[in-house]
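Here's the structure we're looking at; comments come further down.
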């Protein structure tokens, strides 16, 4: 019986890995492709980037820096709502500079440390942070992969591209913050809610880990994540080899399965035949196509797929950024948030919030964009 319980727990915990692994195998049986195509769909640059980030963040965790930051943050604010909104806003702002994935790797562990003693509901905070990084990163050309890709394809400068994203991003961020103010519980933070004094920070490890994180972010922004990951991996193997056993290797395996399955799905002739029937020069058609496609294959593959039909890159960026809300698969950041949080049924509970949020956000953002475009 214990063995069956362990198997059941593994299946529940690794449902993404198993589910997308099965989809990838089925698609390969139905539509066989070469190993070269499979390797291309696996997005090795993204996987190496994730590994480098995971190594740097694990070093920050083991240094004791996160409990120290949590303690300082709790002492600096007077109410639970203010504390929660500070975490949400920090997530959004950090995603503009560090990308949405990096922001979550940093802030979700901090959130989990804070949630216990302050009695803030962790799943609400993580839900809001996932929404916030999708909104915040939508404003930055480097905030998420689809924006960077579409900036490069647009031929526009960073200023003009960012200006085109500004109305939609501000609308989304305002909605996230209003929702946070309404949804987070109030109440003062008292001495009883403060976390106990944390252990001293291991400063050498914290310093090296922060440098590794900064180097990884620079490596990602330059488009060479493999170099950053290789350097960090070599240093960890040399200085702290036990850290390698604490890395969530199954998370990387899950993303590998997701990338291969979604890449194969997007390449099916049936998908391209249906796409050819769409007039993506029509603003509403492009907008709805970007959102709906993101709900099925995630917003980065959706941007790549729809870009092949030569639509307006800025309008497509708005559409797939909005498509990051809704289903968890809409943005890889959603999946990363809940994997790090490790909250039971977290992703399914997130859908109760994120799907209504998409249904509210999508028409408002489209309306704002059309008003601005008409001026």
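In this note's numbering, the protein residues as written are -4 to 370. Just so it is clear, CB atoms sit at the ideal spot from N, CA and C, and this is done for glycine as well.
Residues near residue i in its chain [Cβ-Cβ closer than 7 angstroms; skip 5 each side]
| i | result |
| --- | --- |
| residue 237 | none |
| residue 203 | 54 |
| residue 344 | 118 |
| residue 91 | 131, 132, 134, 135, 138 |
| residue 348 | 122 |
| residue 200 | 54, 57, 58 |
| residue 97 | 48, 212 |
| residue 18 | 256 |
| residue 143 | 136, 137 |
Residue j beta carbon less than 8 angstroms from that of residue i
| i | j | result |
| --- | --- | --- |
| residue 311 | residue 298 | yes |
| residue 306 | residue 275 | yes |
| residue 51 | residue 227 | yes |
| residue 160 | residue 313 | yes |
| residue 259 | residue 30 | no |
| residue 337 | residue 326 | no |
| residue 108 | residue 153 | no |
| residue 69 | residue 127 | no |
| residue 104 | residue 335 | yes |
| residue 294 | residue 141 | yes |
| residue 231 | residue 59 | no |
| residue 8 | residue 254 | no |
| residue 184 | residue 78 | yes |
| residue 16 | residue 261 | no |
| residue 270 | residue 302 | no |
| residue 169 | residue 76 | no |
| residue 110 | residue 101 | no |
| residue 332 | residue 125 | yes |
| residue 323 | residue 342 | yes |
Cross-strand partners of residue i (DSSP beta bridge)
| i | result |
| --- | --- |
| residue 74 | 183 |
Distance, residue j Cα to residue i Cα
| i | j | result |
| --- | --- | --- |
| residue 11 | residue 330 | 9 angstroms |
| residue 149 | residue 181 | 45 angstroms |
| residue 48 | residue 309 | 29 angstroms |
| residue 287 | residue 86 | 25 angstroms |
| residue 241 | residue 57 | 10 angstroms |
| residue 359 | residue 272 | 27 angstroms |
| residue 45 | residue 248 | 11 angstroms |
| residue 256 | residue 361 | 30 angstroms |
| residue 145 | residue 357 | 20 angstroms |
| residue 215 | residue 315 | 21 angstroms |
| residue 221 | residue 5 | 30 angstroms |
| residue 208 | residue 93 | 10 angstroms |
| residue 292 | residue 355 | 21 angstroms |
| residue 28 | residue 41 | 22 angstroms |
Span of the alpha helix (DSSP H) around residue i
| i | result |
| --- | --- |
| residue 334 | 327 to 336 |
| residue 50 | 39 to 58 |
| residue 137 | Residue 137 -> no alpha helix (DSSP H), and no H or E assigned at all. |
| residue 23 | 10 to 25 |
| residue 157 | 153 to 178 |
| residue 94 | Here residue 94 belongs to no alpha helix (DSSP H), and DSSP marks it neither H nor E. |
| residue 312 | 308 to 317 |
| residue 219 | Looking at the DSSP string, residue 219 is not in any alpha helix (DSSP H), and its letter there is neither H nor E. |
| residue 271 | 264 to 271 |
| residue 352 | 341 to 369 |
| residue 287 | 278 to 292 |
| residue 33 | 30 to 36 |
| residue 239 | From DSSP, residue 239 is part of no alpha helix (DSSP H); its letter is neither H nor E. |
| residue 131 | 117 to 132 |
Contacts around residue i, its chain only, beta-carbon distance under 6 angstroms, and the 5 residues preceding and following it disregarded
| i | result |
| --- | --- |
| residue 123 | 83, 175 |
| residue 289 | 297, 315, 318, 325 |
| residue 224 | 43, 46, 47 |
Nonlocal neighbours in the same chain, by C-beta distance under 8 angstroms from residue i, ignoring five residues either side
| i | result |
| --- | --- |
| residue 74 | 181, 182, 183, 184 |
| residue 157 | 134, 135, 136 |
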